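Encoded as structure tokens, the structure appears first; notes follow it.
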Amino acid sequence: MRSNSRKPHVLFFPFMAHGHMIPTLDMAKLFSNRGAKSTIITTPLNSKILQKPIDTFRNLNPNLEIEIKIFDFPCVQLGLPEGCENPDFFSMNNSEDRQYMSLKFFSSTRFFKDQLENLLETTRPDCLIADMFFPWATESAEKFNVPRLVFHGKGYFALSSEYCIRLHKPQKRVASSCEPFVIPDLPGNIVITQDQILDRDEKTEMGKFMTEIKESEVKSSGVIVNSFYELEPDYADFYKSNVAKRTWHIGPLSVINRGFEEKAGRGKKASIDENECLKWLDSMKPNSVIYISFGSLACIKNEQLMEIALGLEASGASFIWVVRKNAGDEEEWLPEGMEERTSGKGMIIRGWAPQVLILDHQATGGFLTHCGWNSLLEGVAAGLPMVTWPVGAEQFYNEKLVTQVLKTGVSVGAKRHVKVMEDFISREKVEKAVREVLVGEEAEERRRRAEKLAEMAKAAVEEGGSSFNDLNRFIEEFSS
Ligand code: UDP
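Taking the working numbering, the leading residue of the sequence shown gets 40, the next gets one more, and so forth.
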């Protein structure tokens, strides 16, 4: 930011799920770093997750301004279970419950409208960066002449793919739902199947909600993207010329976290001592460990976890495996004696892992990921080749970016979006993909390409880099 310009006040309003709150907090820190005052809106229970990393940031940067504003979210009054302020609360249950709860949760967030309008009226921020899942926020901001920007938490590739599929509906012209087709108009001849996309009926409640999101985006002042130009230049250009002309890419956002404390403090409290975890990694050879995680929401069935365990063990690779289970859950997913057999070679984290700390360690040599956009970008920033195992949301598009465009990943062979049917991947496929990404000549080539991307990511956020410059342009425009 130019030193003579006024300090802009930016209001951030993330959807209350880790995959949205984590990058938004990173973004708020980044804006503060560049001279803005950042305010993050959240609910009482979620504020407890955000407060500690904010305190850390403030201690490290006493002159920078960042704060939380808490909005009321009376769960019971809204028909949600007590304390249900984050999908974390209900995503462990069976899928029918989950679907019902998701819809209920999404619609309950409209309750924020009056509180947001009050805040906009009294504080008059320079802009509001609100999550895609709050489509009503565009109209609220308009009432007070505050520009509303949309944050999807997705990259250009997925946003452009979704646009092309919505426009051309190629999935309607294939003989079967597993027949591959090329996404029309999208650069790069990207191949996907109907089973891998979320083909939502526009007449359903969720379909209508998605339409509302698209409409509000068109009326908004633009889109902020957690990506960097060099990662997906063709798709950044495509998106800007066909979908949203006003976009700013300012990522990868995770790299704002530089030291141990910031990297370790992202999201929930880790279920492992972070220092112990690093000590363990220190004892391993460079690039020898595969890190396995399905993010903060995906619910993997016991039979599948068992198959992953057996595949991992057969691969002979060293590993850190994050399993999203509550402590005390019955461990029917773990082959008998596996932990003893792999002791010294493998580590299972039950609950929450300090992901970026692990990815950035030199011993970590591969990332088996569900291709959530944050995880994928964190893997890119760490220079890691990946085993791709998409499950839901826009993750299959993200997989195609890694395997078909960047060529830094090996697909495990997931065929179906969870909304179509839960997939099952055999232990043999897990073993093969893990080996393929860690050893051999092709693995080395993949690694070299991945390391090159990490260098580009680093350059993008440094002074004069593409993301650095885009953020400058943004701040200059919205502080005047
Ligand atoms: N994450 C983490 N530890 C975990 C699980 C997830 O730190 O044990 C973080 C991860 O680094 C990423 C976010 O949670 O920043 C997950 O977002 P992503 O888009 O990858 O997936 P989602 O959880 O939204 O499916």
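Even glycine gets a Cβ: it sits at the ideal position worked out from N, Cα and C.
In this text the structure is predicted, and so the values were computed from the model without any measurement.
E480: member of the alpha helix (DSSP H) spanning E480 to V500, first to last residue.
Between the ligand UDP and the CB of L84, the shortest heavy atom gap is not smaller than 8 Å. Annotation: the continuous alpha helix (DSSP H) that includes C203 extends over Y195 to H207. Distance from the C-beta of R297 to the nearest heavy atom of the ligand UDP is not below 8 Å. In terms of Cα proximity to L142, the closest of T286, L510 and M249 is M249. Here L89 has M60, L64, I79, T81 and I107 as same chain residues with Cβ atoms under 8 Å from its own Cβ, once five neighbours each way along the sequence are excluded.
With fewer than 16 other CB atoms across the displayed protein chains lying within 10 angstroms of its CB, K247 is exposed. With a threshold of 8 Å, the Cβ atom of W372 does not count as near the ligand UDP, since no heavy atom of the ligand is closer than that. Judged by the Cβ position, W360 fails to qualify as a neighbour of the ligand UDP at the 8 Å threshold, every heavy atom of the ligand being at least this far.
For G261, the three-state secondary structure derived from DSSP is strand. Contact annotation: L396 and A303 have beta-carbon atoms nearer than 9 Å. Annotation for H288: the continuous beta strand (DSSP E) segment containing it runs T286 to H288.
Classified as buried, V476 has 16 or more neighbouring CB atoms from the shown chains inside 10 Å of its CB.
Per the coordinates, the alpha-carbon of D94 lies some 15 Å from the alpha-carbon of K307. Taking a cut-off of 8 Å for Cβ pairs, the segment 327-340 and the segment 354-363 touch, as three or more such pairs fall below it. In the structure shown, F190 falls within a strand segment according to DSSP collapsed to helix, strand and coil.
Around the CB of F299, fewer than 16 other CB atoms lie within 10 Å, so the residue is classed as exposed. Bridge pairing for E104: K76 [DSSP]. Around the Cβ of R474, a 10 Å sphere holds 16 or more other Cβ atoms; the residue is buried.
Closest in alpha carbon position to R512, among E467, E480, R285 and D111, is R285. As DSSP reads the structure, F358 sits in a beta bridge with I329 and G385. Taking a contact as a CB-CB distance under 8 Å, the pair S71 and I109 does not count as one, their CB atoms being some 19 Å apart. Ranking M323, P47 and K242 by CA distance to the CA of L103 puts P47 first. In terms of side-chain proximity, the C-beta atom of G448 is found no nearer than 8 Å to any non-hydrogen atom of the ligand UDP. Checking the DSSP bridge columns, you'll see H48 partnered with K76. Taking non-hydrogen atoms of the ligand UDP into account, the C-beta of L237 is found less than 8 Å away from none of them. Linking D509 to P174 through their CA atoms gives a straight-line distance of about 24 Å. For N265, the closest C-alpha among the options V441, S280, N413 and P113 is that of N413. In the three-state reduction of the DSSP assignment, L317 falls in the helix class, which pools H, G and I. Under the 8 Å Cβ criterion, the segment 157-168 does not count as touching the segment 224-236, having fewer than three qualifying pairs. Inclusion of I236 and H456 in the CB contact set at 9 Å is warranted, their separation being smaller than that value. Residues P291, S293, Q394, V395 and L398 of the same chain have their beta carbon placed closer than 8 Å to that of E417, with the five preceding and five following residues left out of the count.
Collapsing the DSSP output to three states places S71 in a helix. In this structure, DSSP gives A169 an extended state, which the three-state scheme calls strand. Per DSSP, the continuous alpha helix (DSSP H) segment holding F435 begins and ends at Q434 to K439. Annotation for L84: G122, E124 and N125 place their beta carbon closer than 8 Å to its own, counting only its chain and skipping 5 residues before and after.
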